[in-house]
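Numbered per my numbering, the sequence shown spans residues 20 to 188. The beta carbon of each residue, even a glycine, is placed where N, CA and C say it ideally should be.
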Amino acid sequence: MQAVISPVAPAAPAQRPMAAGVAALPSIYQGYQIIRRNGAVVAFEPNKIAVALMKAFLAVHGTQGAASASVRETVDGLTESVVRALLRSRAGGGSFHIEDVQDQVELGLMRGGHHEVARAYVLYRERRTQERAKQGHPAASAAEPALTVLDRGQRVPLDFARLQTVIES
């Protein structure tokens, strides 16, 4: 199965395989970014969705699934539907939080009838959430933007304690 993802139009006859075609079409995705858990904003790369889906299928079906043409076709189709859903939600470009992307992957797996894979994917996400929580929420602290101010012509980090003192006085 070959597909080219279009942000607006329904699926047209395919011209390239999903995994290869995604990298070849950066202009379609140029206006889209992903917000990571640590707050970093990175380029939207649909091939990462395909990799996550393939890993989920491999976790359920074993490594022989990677060699299966039907698994590759399924992953390509699911990737296309997830990307279309995301692009449809922000037709003019914008940012997606990584959690929103993962939610769409879950929905795509469920709608596609891949319940075992969806269950494994959900359990994996939950396990990773718990692991991050045990590590003391490093993503939460890193997500806070670093505010800077000009002090005598020099850019310095905002002193929140000093600001609080000024506000209270």
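Check: Host alpha helix (DSSP H) of THR93 (start-end); Outcome: 88-108
Check: Continuous alpha helix (DSSP H) stretch holding PHE115: start and end; Outcome: Where PHE115 is concerned, there is no enclosing alpha helix (DSSP H), although the beta strand (DSSP E) it sits in stretches over 113-116.
Check: Burial state of ILE100, where buried means 16 or more other Cβ atoms lie within 10 Å; Outcome: Per the sequence shown, residue 100 should be read as Ser rather than Ile. It counts as buried.
Check: At least three beta-carbon pairs within less than 8 angstroms, the region 112-132 to the region 51-60; Outcome: yes
Check: Residues of its chain near ALA104, where Cβ-Cβ distance is below 8 angstroms and the 5 sequence neighbours each way are ignored; Outcome: GLN123, LEU126, GLY127
Check: Whole-number beta carbon distance between ILE68 and VAL102, since they are thought to touch under 8 angstroms; Outcome: 7 angstroms
Check: ASP122 in three-state terms, based on DSSP; Outcome: helix
Check: LEU97 vs LEU72 beta-carbon contact at 8 angstroms; Outcome: yes
Check: Selection from ALA152, GLU150, ALA139 that minimises the alpha carbon distance to ALA75; Outcome: ALA139
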